[in-house]
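Protein chains in written order, with the numbering used here: chain A, 1 to 463; chain B, 1001 to 1396. All C-beta atoms, glycine included, are put in the ideal place defined by N, C-alpha and C. Note that this is a predicted model, so its numbers are computed, not measured. What follows is one structure encoded as structure tokens, with my remarks underneath.
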Amino acid sequence: MKQKHIQHLYWRASFGIDVKQFESLKSTSKKKIVSKLITDSKEFKNLELDLSEFDSIKYKSYKELKDKFTEEELQKLTNKRNRKVRDLNYAWIYRLSEPKSLLREKMTLFWANVFVCRDNDVFFIQDYNNTLRKYALGDFRVFVKQIAKQPSMLKYLNNKQNKKRKPNENFARELMELFTLGVGNYTEQDIQESARAFTGWTHKKNGDFYLQKSQHDFDEKTFFGKTGNFDGDDIIDIILEQKQCARFICDKIYRYFINPKVDKKRLEEITNIFYKDYNISNLMEHIFTSKWFYNDENIGVKIKSPIELLVGIQKVVPVTFDKKQQLNYLQKMMGQTLLYPDNVAGWKGGKSWIDSNTLMFRMKLPSLLLSNAIINLEEKGEFEDSFEKYYKGEKQRNKYLKITKNWEFFDKQNQNLSSKELIDLLILSKLDKDTATFLENLEIKSNRNFCVQLMSIPEYQLC
Amino acid sequence: MERRDFLKQSTLASSLFFVPNFVKAFENVSKSTFKHKKLVIIQLSGGNDGLNTIIPYTNDFYFKNRPKLAIPKNNIIKATDELGFHENLAPLKNLYDQGYLSVINNVGYPNPNRSHFRSTDIWQTASSADEYVTSGWVGRFIEKYGKNPYTGIELDDSLSLIMKGENVNGIATKNPNILFANTNTAYFKKVLEQQTDAHLSEHNLGYLYKTMIEAKSSAKYIYETSKTYKSNLEYPNNPFGKQLKTTAEFINSDLDSKVYYVSMGGFDTHANQVNRQSRLLKTYSESIAVFVNDLKKNDTFKDTLILTFSEFGRRVQQNAAGGTDHGAANNVFLIGENLKKKGFYNDAPNLGNLDSNGDLMHTVDFRTIYATILDKWLQVDDASILNKSFSKLNFI
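Here is the structure:
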């Protein structure tokens, strides 16, 4: 396989590839490489924090806790537990740069932006995250049904408040609009009827799904022209019968893994594959082994998401954050904080990652991480249900990032590369003509230095 | 977008991007051709419950549909025989008493979409419900009449669809010093200095270079110009207050920017609405009051129009969680010194005549408000920006 093609595959199926990996794959066939990517992702381990210190409050009711703790103690403990969501965020980012289960981890991140959810309960959001991971390459039908039953999701889209005679339509609407069909492919009546089917869907204190029968509407519903005593699972089955569902997901897959500009013919091709059995793994294998996936028009044309950018840099020069909250800050500045999506529609992606502020910050990121540059930007507040949280914007101006850099890792692999080789390794996009001239005339002090410079041109924003 | 289409569509292409020294060209564009009028747009995002904001306190339907959520008559700041303000809107009522507020009731559009994102897109692009438009109406205004990205400034770190044109976007910034410092990095300067012309070869790469150039020149202008006025009034200490403070500084520094956009989140009140909405309305009205004072002190209030909208109102009937679900038509606020119809522009919502979803029906298309503002306030051809001709209202 050609160098560029291996790089392309590894950027889309993962977060890039280093020289060593790439040397080992050079003489392998495309089919074998893709199959290895999938096989390597069969096994995985859950992302789990050690949360044993919260055992005393885990899944306990307020009443039970009142006997054990004072109001103040309990508040402290709960706050501490909620702050753990941030630790989960860091753990997730570190996981992304690990060399195992590459495709599964990339897909987990993809699905997190399809089945968008947010929760400040670390136990529940960890379960949710691992549900994404578990089904990332599996059966989409089971996946949707499991996601719908996650306690975090039941909370986030108010299905806990969806009750017989007083349906709350939030989940039903977003299920169709954002998770399966897309706007315009269902009616208001479909929303109302399906909301009834999800009434009474709630969870126990420990997070287990539970149907509260007294709140479930067992009567007949009419959904997509079908009439029956449907429950939520039936509704999901009927949604998946619509080819539009396969098309909607494939469209997202196309934009994320192939090209932000969708080729309708190719989209129909992969939709047919997916619609057959909703098997995610087969779909991805089909894409990655297709000849057209490696067409020039698909290579280096995608704007990296902030996480792709960040993790991609870390794969070239591994870094450790001495102050973990600075990792949170970087994500916020670029507009993508894992586990904290802006809203239920998730991150829009593509060009919308880029505006004057984010672009400048992104181009500065390599020197922030690797060359002790100073940050001078203000942290973005969050518009979310609790407006009080939004009020507390910390000021973080003129700060250095406290980071340990593993340049030795970089040296070992890249020390002997020529500048041309280093360009080929780091830049997938076509080079702007004038920028190419600029780079040619640049005095190269060291490969370390040149690496930071290359990562600071607009072309590095693309993969 | 294809390079070819870009070239064809961009009226600025030859004069700005493709000449040597194109970076400088941005700074040399002549001063704006229109007058000093400014427009400040505020989105209460999440779907503010308009019925608990401007309250139809003599309407039986209101109390019947909201046994737990209806605001008791005694807690309302009454304005007319029918309508009153939420008690936390006292500063807004004060503006109303001075004739600086016009409330347009029942604003919406045919076939309302109850999704936050879709409905926000509709409001921001000025499209119909069945039409998908990829540029915002302010973005198109910037592109056609502003020439410079900073004709429109969003007081945030990232740019919303409303500020995006086809080829020229507005600028997002909460702090001009920081924006300037970031665009002024030595290495980026070098990269840009090398450019003899912009090779907009591939759509995303071209977009990146163009964004860099725009950012640099706009940041410089905003930074240098906004230094002339610093507000010394005390705004509420929260991001919304800060955004309005910066907006006042921009306006009072006579920045050649025409439209400012601020979004205030948190209005998606599916559950436990009462306290949450109360706090939000308090934040909103207190900040607006200081903002208006700031402008008045500097004699710029007469040239400023403030428009407040939300992507939709909420369902008339309360839900089981002490909240409300996504609805349709809603009220819109206009604040300024030049209002023709002060107070309530039109009739209170008709709660006895709801649509099939149980939502308020619109009697005013939101685009007639935009058309009016574009035509009568900013004095540009509204139809060319809204892609359609709309009748005008009589509020300014």
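Take the alpha-carbon of Val1316(B) and the one of Leu1101(B): they are about 24 Å apart.
Take Arg1276(B), set aside five residues on each side of it, and the residues of its chain with a beta-carbon closer than 8 Å to its own are Gly1266, Thr1269, in chain order. For Asp263(A), no chain B residue has a Cβ inside 8 Å of its Cβ, as the nearest lies near 14 Å away. With a threshold of 7 Å between beta carbons, Tyr1187(B) makes contact with chain A. When CB distances to chain A are screened at a threshold of 8 Å, the residues of the segment 1165-1180 of chain B falling below it are Asn1169, Ile1171, Ala1172, Thr1173, Lys1174, Asn1175, Ile1178, Leu1179, in chain order. Secondary structure note for Val301(A): it is in no beta strand (DSSP E), with a DSSP letter that is neither H nor E. Boundaries of the beta strand (DSSP E) harbouring Trp201(A): 201-203, taken from the DSSP string.
Residue environment: Asn1272(B) is assigned as exposed (fewer than 16 neighbouring CB atoms within 10 Å of its CB, all protein chains considered).
Taking C-beta separations shorter than 6 Å and ignoring five residues to either side along the sequence, the partners of Asn1075(B) in its chain run Glu1087, following chain order. Within the same chain, Lys1174, Tyr1235 come within 8 Å of Lys1242(B) by CB-CB distance, once the 5 residues on both sides are set aside.
At a cut-off of 7 Å between beta-carbon atoms, Tyr1221(B) makes no contact with chain A.
Listed by position along chain A, the residues whose Cβ is nearer than 8 Å to that of Asp1325(B) are Asn168, Glu169, Asn170. DSSP, read as helix, strand or coil, puts Tyr1260(B) in strand. Collapsing the DSSP output to three states places Lys36(A) in a helix.
Every unbroken stretch of the beta strand (DSSP E) spanning 3 or more residues and falling wholly within the segment 1128-1193 of chain B is given here in chain order: 1152-1154. Inter-residue distance for Lys430(A) and Asn372(A) is about 29 Å (C-alpha atoms, whole angstroms). Per the Cβ contact rule, the segment 1134-1141 of chain B is in contact with the segment 1164-1184 of chain B (3 or more Cβ pairs under 8 Å).
For Ser101(A), there is no enclosing alpha helix (DSSP H), as DSSP marks it with neither H nor E.
Approximately 16 Å separates the beta-carbon atoms of Ile1306(B) and Ile1054(B); this is outside 8 Å, ruling out the contact. Counting only residues of its own chain and dropping the five nearest sequence neighbours on each side, Leu1069(B) has a CB closer than 6 Å to the CB of Gln1318. Per DSSP, the beta bridge partners of Phe1085(B) are Ile1054(B), Ile1077(B). Under the Cβ criterion of 7 Å, Arg1118(B) is counted among the residues facing chain A. For the segment 270-349 of chain A, the full-length beta strand (DSSP E) segments reaching 3 residues or more read 319-321 along the chain. In the three-state DSSP reduction, Ile354(A) falls in the coil class, being neither helix nor strand.
Interface annotation, Tyr1062(B): not in contact with chain A, CB-CB separation never under 7 Å. Contact annotation for Glu188(A) against chain B: Arg1114, Ser1356, Asn1357 [CB-CB distance below 9 Å, chain order]. In this structure Thr187(A) is exposed. Its beta-carbon is surrounded by fewer than 16 other beta-carbon atoms within 10 angstroms. When the five nearest sequence neighbours on each side are left out, the beta carbons in the same chain lying within less than 6 Å of the beta carbon of Cys117(A) are those of Tyr128, Ser152, Met153, Tyr156, in order along the chain.
Leu1208(B) is classed as buried because its beta carbon has at least 16 other beta carbons within 10 Å across all chains shown.
Chain-ordered, the chain A residues with CB closer than 7 Å to the CB of Thr1196(B) read Asp434. Against chain A, a Cβ distance below 8 Å from Ser1218(B) picks out Ser356.
Counting along the chain, Leu1101(B) sits inside the beta strand (DSSP E) bounded by residues 1101-1108. Below the 8 Å Cβ cutoff, chain B contributes Gln1194 as neighbours of Thr437(A), in chain order. For His1270(B), the residues of chain A that pass the 8 Å Cβ criterion are Asn158, Gln161, Asn168, Asn170, in the order they occur in the chain. The three-state secondary structure of Asn1331(B), taken from DSSP, is strand. Within the segment 1203-1276 of chain B, complete alpha helix (DSSP H) segments of at least 4 residues are found at 1203-1226, 1239-1252, given in chain order.
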